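**Student:** One structure is given below, represented as structure tokens, and several questions about it will come after.
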Amino acid sequence: MDIHRILCAVWDGTNKFSYSFDIKSQVFTERPDNFWKLSCVAIEKQTALWKQQNSMENLRFPGLCRNENSVLLMPVDGITYLVGIKDCNLFCKKLSYREEPFYEVKALWRSAFGVESLTAINHTVYHSCPDHTVKSWVLTNTGLVHDRTYDPDPKCDLMIASMIGTSDSTRCMSSCPEQARFAIGVYDGTIYVYDSRSSSNKPISQYQPERSSVTNLAMNAEYILSASCGGRVSIWDQRAGRIMKSITIPGSIGFPIPVKAYPTYIDMRRDLVCVGDNEGKLHMLEPKNDFELVKSYSTEHTDEITGVRLTHGCLITSSLDGTVRISSPTDPPKLIATLEDEYSGKYIYSMDYLNDTLAIAGKSIVVWRPRNRRV
7 MDIHRILCAV WDGTNKFSYS FDIKSQVFTE RPDNFWKLSC VAIEKQTALW
57 KQQNSMENLR FPGLCRNENS VLLMPVDGIT YLVGIKDCNL FCKKLSYREE
107 PFYEVKALWR SAFGVESLTA INHTVYHSCP DHTVKSWVLT NTGLVHDRTY
157 DPDPKCDLMI ASMIGTSDST RCMSSCPEQA RFAIGVYDGT IYVYDSRSSS
207 NKPISQYQPE RSSVTNLAMN AEYILSASCG GRVSIWDQRA GRIMKSITIP
257 GSIGFPIPVK AYPTYIDMRR DLVCVGDNEG KLHMLEPKND FELVKSYSTE
307 HTDEITGVRL THGCLITSSL DGTVRISSPT DPPKLIATLE DEYSGKYIYS
357 MDYLNDTLAI AGKSIVVWRP RNRRV
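Add 6 to a position in the sequence shown, counting from 1, and you land on the number used in the numbering used here.
Okay, structure coming up:
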């Protein structure tokens with residue numbers, strides 16, 4: 007890749023870096039020359055990693071996913087663990103470079119249908135089940151150990167949801183390890199927030215930004231961002247306890263009128279929020295500028311975006327079109343590589359990325375990771 011073009015893309019000509027990068031350290035903003043160099047090195051590394059096919063290896067786990075389920079990568083003591091859903095069970099596997107067993111646990115006791123979601127706080131996995139409970143599981147060297155069951159929200163009766171055709175609606179989750187909190191969004195637009203440190207299994211707060219189904223959540227210590235079928239992204243200020251702002255995604259004409267475009271995935275970083283939509287587009291929000299919508303991009307995905315990850319070196323998107331696209335984190339993003347796998351089927355429902363390891367869930371779970379690392 008032409009380094010000059012990279013530098014032009016990340017340098018906005020006013021002695022500041024463009025919002026296209028996730029700046030995690032204040033040192034970088036105080037020393038832009040150093041950040042410049044590190045950013046270019048990160049892009050070069052990711053470009054070499056994904057463009058050279060022999061630098062990556064595939065791990066395929068056929069038959070692990072039958073429905074629209076989640077996949078999660080967790081770091082534990084320097085080792086990456088894969089956590090996912092197999093039929094009605096949770097499973098985990100250590101992704102070391104030697105043979106490791108699968109560990110499975112029975113996750114559901116009341117119902118085996120509906121969409122499930124996963125999130126994590128430290129070594130604990132939180133599983134949003136179709137029976138409208140949230141179960142927590144501690145990840146150990148010998149698998150997942152059940153910890154707690156959080157009370158279902160009283161408004162989400164499973165039989166009523168089934169009768170009105172919403173039992174398979176999104177029940178999405180997000181978490182904030184710094185606060186030890188997690189949130190769940192449900193079909194009627196309500197968002198419930200739990201504190202994992204509390205002795206109570208009930209939510210500590212709840213709010214309803216709108217009445218259309220929640221499609222995705224992202225949270226940090228200050229804000230909870232929710233995407234909805236109504237075509238909007240709502241920003242909840244946790245400290246003030248109120249909706250700070252609602253943003254309509256371009257192309258959306260709003261709920262309850264059938265929408266043309268609506269947000270399907272949110273990836274929130276300190277300096278940038280990336281929102282994917284059902285038309286395969288990306289929309290960039292700037293938190294330091296009152297979450298203003300500053301850019302929209304076409305990704306060349308032909309269907310709904312199901313995952314977004316923005317890092318120093320790359321921008322990763324997955325889609326129901328069955329592809330994962332690796333792009334540069336520049337303005338505009340430049341395609342580095344497109345990944346497909348015959349075992350994952352036509353659709354990719356979920357994606358996660360951690361330390362150069364990429365996992366997707368379709369009809370099977372597929373993992374890409376660098377070769378020749380011994381852990």
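A virtual CB, placed ideally from N, CA and C, is assigned to each residue, including glycine. It should be emphasised that the depicted structure is a prediction, and the values quoted were computed from it without experimental measurement.
Write down the C-beta distance between Y132 and M179 rounded to the nearest angstrom, noting that I regard them as a contact closer than 8 Å.
**Tutor:** In the sequence shown, counting from the first residue as 1, residue 132 sits at position 126. In the sequence shown, counting from the first residue as 1, residue 179 sits at position 173. That belief holds up - the Cβ atoms of Y132 and M179 are roughly 6 Å apart, short of 8 Å.
**Student:** Assuming I322 is part of the beta strand (DSSP E), what are its boundary residues?
**Tutor:** Looking up residue 322 in the sequence shown gives position 316. Unbroken beta strand (DSSP E) run through I322: L321 to S325.
**Student:** Do Q244 and E228 have their C-beta atoms closer together than 9 Å?
**Tutor:** Translated into the one-based positions of the sequence shown, residue 244 becomes position 238. Translated into the one-based positions of the sequence shown, residue 228 becomes position 222. In contact: Q244 and E228 (Cβ atoms closer than 9 Å).
**Student:** In this structure, does DSSP put E216 in helix, strand or coil?
**Tutor:** For the purposes of this step, residue 216 is identified with residue 210 of the sequence shown, where counting begins at 1. Correct three-state label for E216: coil.
**Student:** Please classify S175: is it buried, with 16 or more other beta-carbons within 10 angstroms of its beta-carbon, or exposed?
**Tutor:** Indexing the sequence shown from 1 puts residue 175 at position 169. Reliability fails at S175, whose pLDDT of 45 lies under 50, so the model's placement of it is uncertain and the value that follows must be treated cautiously. Burial call: buried.
**Student:** In terms of alpha-carbon separation, which member of H318, F188, Y271 and E216 lies closest to G195?
**Tutor:** Start at 1 with the first residue of the sequence shown, and residue 195 comes out as number 189. Among H318, F188, Y271 and E216, the Cα nearest to that of G195 is on E216.
**Student:** So, S76 versus S304, is the Cβ gap smaller than 9 Å?
**Tutor:** Walking along the sequence shown from the start, residue 76 turns up at place 70. Walking along the sequence shown from the start, residue 304 turns up at place 298. It is not a contact, given that the beta carbons lie outside the stated cut-off.
**Student:** Please confirm whether S219 and R238 have their CB atoms less than 9 Å apart.
**Tutor:** By 1-based counting over the sequence shown, the position of residue 219 is 213. By 1-based counting over the sequence shown, the position of residue 238 is 232. In this structure, R238 does not lie closer than 9 Å to S219 by Cβ.
**Student:** Please report the Cβ distance between F297 and K251, rounded to the nearest whole angstrom; I am assuming they are in contact, meaning their Cβ atoms lie under 8 Å.
**Tutor:** Within the sequence shown, numbered from 1, the residue matching residue 297 stands at position 291. Within the sequence shown, numbered from 1, the residue matching residue 251 stands at position 245. Right, the Cβ-Cβ distance comes to about 6 Å (below 8 Å), so this counts as a contact.
**Student:** Would you tell me roughly how many angstroms separate the C-alpha atoms of S267 and K352, rounded to the nearest one?
**Tutor:** Walking along the sequence shown from the start, residue 267 turns up at place 261. Walking along the sequence shown from the start, residue 352 turns up at place 346. Before going further, note that residue 267 is Ala rather than Ser in the sequence given. Each residue's Cα considered, the two are about 21 Å apart.
**Student:** How many whole angstroms separate the CB atoms of D347 and N64, which I take to be in contact at a CB cut-off of 8 Å?
**Tutor:** In the sequence shown, residue 347 corresponds to position 341, counting from 1. In the sequence shown, residue 64 corresponds to position 58, counting from 1. The pair is a contact, with the Cβ atoms about 7 Å apart (cut-off 8 Å).
**Student:** Just the C-alpha distance for S117 and G191, rounded to the nearest angstrom, thanks.
**Tutor:** Stepping through the sequence shown from its first residue, residue 117 is reached at position 111. Stepping through the sequence shown from its first residue, residue 191 is reached at position 185. Low local confidence applies: a pLDDT of 45 at S117 is under 50, so the model's placement there is unreliable, and no value is given.
**Student:** Where do the N-terminal and C-terminal ends of the beta strand (DSSP E) with I127 fall, by residue?
**Tutor:** Taking the first residue of the sequence shown as 1, we reach residue 127 at position 121. Segment S123 to I127, the beta strand (DSSP E) holding I127.
**Student:** Please state whether DSSP places N107 in a helix, a strand or coil.
**Tutor:** Here residue 107 refers to the residue found at position 101 of the sequence shown. Note that residue 107 is Pro in the sequence shown here, rather than Asn. Coil.
**Student:** Taking buried to mean at least 16 other C-beta atoms within 10 Å of its own C-beta, is T139 buried or exposed?
**Tutor:** One-based indexing of the sequence shown puts residue 139 at position 133. Buried.
**Student:** Just verifying my parser: in three-state terms, what is the DSSP assignment at S168?
**Tutor:** Here residue 168 is taken as the residue at index 162 of the sequence shown, counted from 1. Its pLDDT being 44, under 50, S168 is placed unreliably by the model, and the measurement read from it follows with that caveat. DSSP places S168 in helix when its eight states are reduced to three.
**Student:** Taking I354 as part of the beta strand (DSSP E), name the residues at either end of that continuous run.
**Tutor:** Here residue 354 refers to the residue found at position 348 of the sequence shown. It is not in any beta strand (DSSP E) - I354 carries neither H nor E in the DSSP assignment.
**Student:** Cutting at 8 Å between CB atoms, please list the residues of its own chain near D283, excluding the five before and the five after it.
**Tutor:** Start at 1 with the first residue of the sequence shown, and residue 283 comes out as number 277. Within the same chain, D283 has close Cβ partners I255, G257, A267, Y268, P269, T270, H289, E310 and I311.
**Student:** Report all residues from its chain with a CB closer than 8 Å to the CB of R37; omit the five preceding and five following residues, and keep chain order.
**Tutor:** Translated into positions along the sequence shown, residue 37 becomes position 31. Any answer about R37 is weak, because its pLDDT of 42 lies below 50 and its placement is not dependable; what the coordinates show is given next. Within the same chain, R37 has no close Cβ partners at all.
**Student:** Inspect the beta-carbon positions of R177 and Y156 and report whether they are closer than 9 Å.
**Tutor:** Numbered from 1 along the sequence shown, position 171 holds the residue referred to as residue 177. Numbered from 1 along the sequence shown, position 150 holds the residue referred to as residue 156. Cβ distance not < 9 Å, so R177 and Y156 don't count as in contact.
**Student:** Under 8 Å by Cβ, that's how I've got P183 and I230 pegged, so tell me the actual separation to the nearest angstrom.
**Tutor:** Start at 1 with the first residue of the sequence shown, and residue 183 comes out as number 177. Start at 1 with the first residue of the sequence shown, and residue 230 comes out as number 224. Contact doesn't hold; Cβ gap of about 14 Å is too wide.
**Student:** Please state if the CB of A343 and the CB of K92 are separated by a distance shorter than 9 Å.
**Tutor:** The residue you call residue 92 lines up with position 86 of the sequence shown. The residue you call residue 343 lines up with position 337 of the sequence shown. No, they are not a contact pair.
**Student:** With H, G and I counted as helix, E and B as strand and the rest as coil, what does DSSP make of V33?
**Tutor:** Counting from one through the sequence shown, the residue named residue 33 turns up at place 27. Legend: pLDDT at V33 = 26, less than 50; position of this residue unreliable, value from coordinates given subsequently. V33 falls in the helix class under three-state DSSP.
**Student:** In this structure, does DSSP put I255 in helix, strand or coil?
**Tutor:** Taking the sequence shown and counting its residues from 1, the one referred to as residue 255 is at position 249. Coil at I255, not helix or strand.
**Student:** Find the nearest neighbour of L291 within the set H307, E285 and M274, judged by alpha-carbon distance.
**Tutor:** Locating residue 291 in the sequence shown gives position 285, counting from the first residue. Comparing Cα-Cα distances from L291 to each of H307, E285 and M274, the minimum goes to M274.
**Student:** Is DSSP giving S211 helix, strand or coil here?
**Tutor:** Position 205 of the sequence shown holds residue 211. Three-state DSSP puts S211 in a strand.
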